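Here is the structure we will look at.
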Amino acid sequence: MRVYHFIDEKWGLDNIRRRRLKIARISDLNDPFELEIASPDPTVRRAFRQTKAQLNGWAGLLCFSRDWRNPVQWAHYGDRHRGLCLGFDIPDPLLTTVVYRSRLLKADMVAMNGADDRQWEFYKKVLSTKYTHWKYENEVRLFIRLDDEDAQAKGLYFKSFDSEMALKEVIVGHRSELLRKDLIDAIGENAASVRLRRGRLAFNSYRVVTQSNPALWE
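First residue of the sequence shown: 12, per the working numbering; consecutive thereafter.
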């Protein structure tokens with residue numbers, strides 16, 4: 012599946028040069044309702060918060076969208092259309108589609124007290140459920156188990172570009188001043204296999220589309 016990751020120019024170029032993406036930790040996600048459940052029992056809620064802290068120690072994720080054309084995503088995650096959008100090919104079985112709901116999922120005590128694999132499937136289900144108003148993101152997630160040997164300075168974790176996350180496109184925001192040659196230099200020897208394009212605002216709709224005039228992007 013072709014999926015897209017929005018990022019500002021500075022860190023986008025750094026990731027391209029280093030051929031990696033920073034793995035998000037559960038505690039760093041911008042939605043405070045991540046991994047929250049509905050339960051009237053304070054004991055269950057307390058236990059789930061403890062589980063959330065434990066998962067934060069060994070589980071991470073990368074967030075992608077199925078669509079690069081949404082101007083709201085460029086505004087929120089692409090540095091107000093000054094950043095980049097990286098397109099990757101990732102095998103479908105590795106990705107989890109986010110489900111959007113108006114209500115929190117209820118606690119599943121059987122799963123929460125079950126075998127490790129059943130627990131993780133429930134936690135992954137909760138981690139891939141978000142409030143309806145996030146639907147514009149059209150999000151899919153790649154869940155990653157953190158290994159100590161992958162840790163970098165300051166406890167950061169990264170996933171390298173590889174056959175399971177292959178960089179195939181780079182789209183430059185319509186407000187960006189990044190030159191094509193600078194992007195080619197950042198990609199290096201793999202530049203021929205990566206499609207480069209610049210976005211522009213559509214003339215008749217609220218969409219971002221490809222700038223087809225080569226004279227407008229040197």
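All C-beta atoms, glycine included, are put in the ideal place defined by N, C-alpha and C. In this text, all values refer to a predicted model and were calculated from it rather than measured experimentally.
Tell me the residue span of the beta strand (DSSP E) that contains residue i.
i, result
"V219", "219-221"
"K179", "177-183"
"I18", "13-18"
"F75", "70-76"
"V110", "110-112"
"L115", "L115 -> no beta strand (DSSP E), and no H or E assigned at all."
What are the boundary residues of the alpha helix (DSSP H) that residue i is part of?
i, result
"V205", "From DSSP, V205 is part of no alpha helix (DSSP H); its letter is neither H nor E."
"K146", "Careful: K146 lies outside any alpha helix (DSSP H) and carries neither H nor E."
"V121", "120-123"
"K192", "191-198"
"H87", "82-88"
Check this for me: beta carbons of residue i and residue j, under 7 Å apart or not?
i, j, result
"E175", "R206", "no"
"R30", "S171", "yes"
"L115", "I18", "no"
"R152", "T221", "no"
"S187", "R93", "yes"
"F99", "L178", "yes"
"L138", "H16", "no"
"A49", "K135", "no"
"V110", "E150", "no"
"R211", "W228", "no"
"A197", "L32", "no"
"R112", "A122", "no"
"E20", "L189", "yes"
"P82", "Y217", "yes"
Give me the Cβ distance between residue i and residue j, rounded to the nearest whole Å; I'm assuming they're in contact under 8 Å.
i, j, result
"K63", "I37", "7 Å"
"R80", "V183", "Rounded, the Cβ-Cβ distance is 14 Å, inconsistent with contact."
"T147", "L157", "Checking the sequence shown, residue 147 turns out to be Tyr, not Thr. Not really, about 29 Å apart at Cβ, beyond 8 Å."
"K141", "D42", "7 Å"
If you reduce the DSSP assignment to three classes, tell me which class residue i lands in.
i, result
"G98", "strand"
"F133", "helix"
"E160", "Because E160 carries a pLDDT of 49, less than 50, the predicted location of this residue cannot be relied on, and the following value inherits that uncertainty. Helix, per DSSP."
"E229", "coil"
"D173", "strand"
"I155", "strand"
"L46", "coil"
"R28", "helix"
"R60", "helix"
"L167", "coil"
"L212", "strand"
"L40", "coil"
Any heavy atom of the ligand SAH closer than 6 Å to the Cβ of residue i?
i, result
"V183", "Ligands displayed in this structure: none; no statement on the ligand SAH is therefore possible."
Could you say if the segment 63-73 and the segment 197-204 meet the contact criterion of at least three C-beta pairs nearer than 8 Å? no
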